[in-house]
Structures are given as structure tokens and as C-alpha cells.
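Start counting the sequence shown at -4; every next residue gets the next number (our numbering). Notes for the one structure printed next.
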Amino acid sequence: MVNEITVVDDYGHHPVEIRATLEAARGCKFNRLLVLFQPHRYSRTQHLWDEFCRAFNQADILVLLDIYAASEAPIPGVTSEALATAIRKAGHKNVHYFRSMQEGIEYLLKQACPGTPSLRLARATSAAPAVNSWFCWERRIRRRMRISDPIIVATLAEMNVELQHGAALADLTSLGIGGTTDLLRIRKHESLPGLLKLLDANDVQHKFLGGGSNLLVGDGELPWVVLQLVRPEPDVVLDGSFARVDAAADLGRMITFCAKHDLGGMEGLIGVPGTVGGALRMNAGAYGMQIGSYVREVKLYRAASRTLETLRGDQISFEYRHTSFAPDDMMLSVILELPSKPFKLILEGIRICNEKRRSSQPLGQKSAGCIFKNPPGASAGRMIDELGLKGLSVGDARVSDRHANFFVNAGHASATDMLRLIADVRERVQKNYGVELENEVVVWNA
Ligand SMILES: Cc1cc2nc3c(=O)[nH]c(=O)nc-3n(C[C@H](O)[C@H](O)[C@H](O)COP(=O)(O)OP(=O)(O)OC[C@H]3O[C@@H](n4cnc5c(N)ncnc54)[C@H](O)[C@@H]3O)c2cc1C
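What follows is the structure in C-alpha cells.
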């Protein structure tokens, strides 16, 4: 597996074998079948020419490489280039011929996972098998994910979960990019275990959305539904220096509310959009502080046990934009311990941080904050800036002129545009600095 792509190596050469394998693959739960094939021997290719023209009908994309001679002399007119033309004439719409195997593999991998770092692609290709075999890339099935079964709809209502059909994630994310899917809004934390059991039982994949300020969501019909907590009233309850905060609370409003009660410490996080749950997941931080430092307890849905659990702060590790929560854990509420500080002093800290943000970030534009994490001891933004990449664009996806680590949607950028821009910048930084930048933005590929 590379990302969510399964690589299958098969030694079938005969069109009947090829058809059988592709039909079997179609029967599995995969999205697309991306096939790379090197015909074996000129004589076989000539003899079975017509069968080869129909053997790849199940493949979404077919890449052909030069015929493997196996010590035969070439036969005039029997080439992979000509076979590609013949397969196209037979009705296949996505056939490509490459002279070099490396180019063919790279082409397919780019189709399978646009935006994947070139180094990872290189590692994947170096694991590619011998020359005269064929193999295919298959991605998990990309189904239109809509909840229409009346029994599921009724059960959701009983659980107090609101179902919104065809929600546009472009409207729910700060980048303004993303396709459509069903949105499930959860009013009661207690319904989560039952809800996830229901989704699992019906083979419905899901993602968990906070405020959508650190997300790059794929285009088109999305193959999973999105869960989101509904913010309760009140969402922050104070008890001395402790604040119990719902994960759906808005981070900035929570900081201001606590400040008004002389509880400070998190001034640096003012201006970080999104929810408290998202901030916990990302261990949001700025100007030398991070939310993890104040966490004393987290209530969460634990994917491993499928139950609601409570963790003490010292059971969780908070690192730079990384936490020890499992990917499917869902944070529901948190207890923060905040230092007391006079409101006036907190306000002054907030004013300074706001000023710093205003002077360095493209705040009026659609972005997801920093695209890349800073590598140890270096600044991703500085490297991108030094390479003169401010303003670099793919479609409407653009490296901000203000802050080189902010990529903005300057109009109607698609996820594909943004992923290409990310891949391009990453490649240039890798080439010039030998550093492979890691995404800070969370990518939900379609
Ligand atoms: C203008 C701008 C400035 C920014 N500045 C900063 C900054 O200074 N520092 C910084 O750290 N970040 C910054 N960000 C990024 C972003 O605001 C933070 O990462 C924020 O904490 C994300 O919260 P969210 O609720 O929007 O999460 P989302 O974007 O909705 O989700 C992000 C990830 O968290 C997961 N998630 C969300 N809620 C939960 C939950 N309750 N339980 C489990 N998982 C959850 C999602 O599944 C996803 O994987 C900035 C973004 C913008 C647009």
C-alpha cells in the first residue's frame, strides 16, 4: 500500500489472463484500476493483437511500455505505440504509451495520488517489480456517499443527529475548496458510539470536521460522510482556574471568554481560527505557546475501544502540530488549567499577537494557515520565500505574496490545483535544500 493505493504485481501475459485479473479486481472494493503493461514477445503480441485490443476494457487508465523482446527480432509494425493506437480505436479512452518504464510508473502514480511527495513516489517506484511483468494501481472505491436508506435516516433522527444532504465542503472550510457529501451534525456526545456502529454496519466511511480551518478537501462527490459536533450552550464552564470547554467551541471566543474572567496564557492562539477540538487534534500553537500545555483532561470517543473515555493530560503527548490521539479518536471536551492574569494584561498580549498576524499573514484571503510544518531548526516559509516562489500559481491556487507558507485560493481553485502547487513547491524545496517538507494542512482526498 502506498497512501491509500494498493499496488498489485501480476505476471499474466495472455489477454485471457489479463481480463480475468482485471475482472477480479473490479469485483473488489476499489475505486479506479490503473494498469501498466509491458507486452511479452513480438510474436505473441502480433498473434493476439485483436484480443489485446479488448483485454484492458476494465482498466481506467492503461500505460503501455515497449514490447519485451525475449530474444526475438522485432516484427515491423508490431509495437506498443501501434497497439496503444489500436486499443484507443477499439474504444478505450485513456491509453498512453511510454518508452521508459520509469516515466510510465511516474505518470500512473501522479494520476493515482496527485500531490504525493516525489520522494515517496520514488520509493514506491523503486519497489516496482521486474521489467516483463505487469501490475496495477487500485484505489479504494470512490462511491457517491449519500445516506438515503429510510431506516438509517430514521435511526439518525432517534439519535438526535441532524442529516444535511449534499453539504458543500467548500462552504465549510477556510480555503473554500471541497466537494459535496452528507453532513451529520451531532447534538449529544453520547450518541457517538451508536452512530459510528451504525455507519460501520452500513459500510459508510466518515471524516470528522471541526471548523475546517486546517483542511484541504478533494473535489467532486466525496466518498465519505462528514461528522461535526453541534456547539452546545454554554460551551465553556469555569471553575476557579479550570475551564471545561466543549470541543465544538470556537477557539478565539473561548480565549476571550476566559480572559474576561482573568484567565490567560493562550493569547498567542488568538487569531487561530477553528474549534477547540481541532486545536487539540493539531496541538495548535503560535508565538511560543501551544494548547497542549494547558490540557488537564480530555473526554473523547476512542476508536480502539469504541467507547467514550476520559484521558488525563499526562496520558497524552503534545508535540509540534502532532498529538498522540489515534487518527479516529474524536475529542468531545477538554479541561484546561489557565494561569490567572488581569484582563488588561491579557488584552495587551492579544493586541500584540493580532498586530503580528495582521502584518505578516494574508488575513483577508482564503487559506488554511501554514501549508507545511517547519522542519527542525528551519522555517518552511523562509525557504519558499528565498526560492522566489511567492506568487507562484496553479490555476487559482497561489503562494501568498505576504507569507510564503500560506497558500491561498485566489478565486475558484480546485483541490487538484492546490495539490499540484503543494507538490511543485515541495519538489523545489527538496531540490534546493534537500529537505522534504511535511504537510501541516490535513488533506482529505476524494
Ligand atoms: C488564517 C489562519 C491562520 C492560522 N494560524 C495558525 C496558527 O498560528 N497556529 C496553528 O497551529 N494553526 C493555525 N491555523 C490552522 C488552523 O486554524 C488550526 O490547525 C486549527 O486548530 C484547526 O481547527 P479546526 O477546528 O478548524 O480543525 P479542522 O480544520 O476542521 O480539522 C483539522 C483536523 O482536526 C481534526 N479534528 C477537528 N476537530 C476534531 C475533534 N473534535 N476531534 C478529533 N479530531 C478533530 C479533523 O478531522 C482534521 O484532521 C491557521 C489557519 C488559518 C486559516
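Ideal Cβ placement from N, Cα and C applies to all residues, glycine included.
Counting along the chain, the unbroken beta strand (DSSP E) around Thr305 starts and ends at 302 to 307. In terms of CA proximity to Ile345, Lys255 leads the group Met325, Phe401, Lys255. Residue environment for Arg21: exposed (fewer than 16 other C-beta atoms within 10 angstroms of its C-beta). Separation of the CB atoms of Leu295 and Asp324 is rounded to 5 Å, and the pair is thereby assigned contact status at 8 Å. Nearest C-alpha to Asp177 among Leu210, Leu217, Ala399: Leu217. Here Tyr37 has Ile62, Ala64, Glu67, Ala68, Pro69, Ile70, Val73 as same chain residues with Cβ atoms under 8 Å from its own Cβ, once five neighbours each way along the sequence are excluded. Selection Phe313, Leu306, Pro227, Gly266 evaluated against Gln285 yields Phe313 as nearest (Cα-Cα). At the C-beta level, Met154 and Gly205 stay beyond 8 Å of one another. Here Lys202 carries a strand assignment [DSSP, helix/strand/coil]. The Cβ neighbour count for Glu435, taken over all protein chains shown within 10 Å, is at least 16; the residue is labelled buried.
A residue is called buried once 16 or more other Cβ atoms fall within 10 Å of its Cβ, and Thr305, having fewer, is exposed. Between Ser374 and the set Asn197, Thr270, Val430, the nearest pair of CA atoms involves Val430. Cβ contact annotation for Gly269 (same chain, cutoff 7 Å, sequence separation greater than five): Gly205, Gly206, Ser208, Asn209, Leu246, in chain order.
Taking the Cα positions, His160 is about 44 Å away from Phe338. With a cutoff of 7 Å, Ala375 does not count as near ligand 1, since its C-beta is closer than that to no heavy atom of the ligand. Ligand 1 has a heavy atom closer than 7 Å to the beta-carbon of Lys202. If you draw a straight line from the Cα of Ala279 to the Cα of Gly287, it comes to about 8 Å. Residue state for Thr16 is assigned as helix, using DSSP reduced to three classes.
Residues of the same chain with a CB within less than 6 Å of the CB of Arg14, apart from the 5 flanking positions on each side, are Ala50 in chain order.
Ligand 1 has a heavy atom closer than 7 Å to the beta-carbon of Asn209. In this structure, Val3 has its beta carbon at no less than 7 Å from each heavy atom of ligand 1. If you look at Gly7, you'll find it isn't in any alpha helix (DSSP H); DSSP assigns it neither H nor E. For Ala242, the shortest separation between its Cβ and any heavy atom of ligand 1 lies below 7 Å. In the DSSP assignment, Asp419 falls within the unbroken alpha helix (DSSP H) covering 410 to 428. Within the model, the alpha-carbon separation for Ile82 versus Ala196 is close to 41 Å. Exclusion of Arg239 from the 7 Å shell around ligand 1 follows from its C-beta lying no nearer than that to any non-hydrogen atom of the ligand. With a threshold of 7 Å, the Cβ atom of Thr270 counts as near ligand 1, since some heavy atom of the ligand is closer than that. Taking C-beta atoms as the reference points, Asn440 and Gly213 count as a pair closer than 8 Å.
By the Cβ-count criterion, Asn404 is buried, with 16 or more other Cβ atoms from all chains shown falling within 10 Å of its own Cβ. Sequence-distant Cβ neighbours of Ile330 in its own chain, meaning closer than 6 Å and more than five residues away, are Phe237, Arg239, Arg291, Glu292.
Beta-carbon to beta-carbon, Met277 and Leu333 are separated by about 19 Å, too far to satisfy the 8 Å threshold. Contact check for Leu17 against Gly99 fails: the beta carbons are separated by 8 Å or more. With 16 or more neighbouring CB atoms inside 10 Å of its own CB, Ala408 falls in the buried class.
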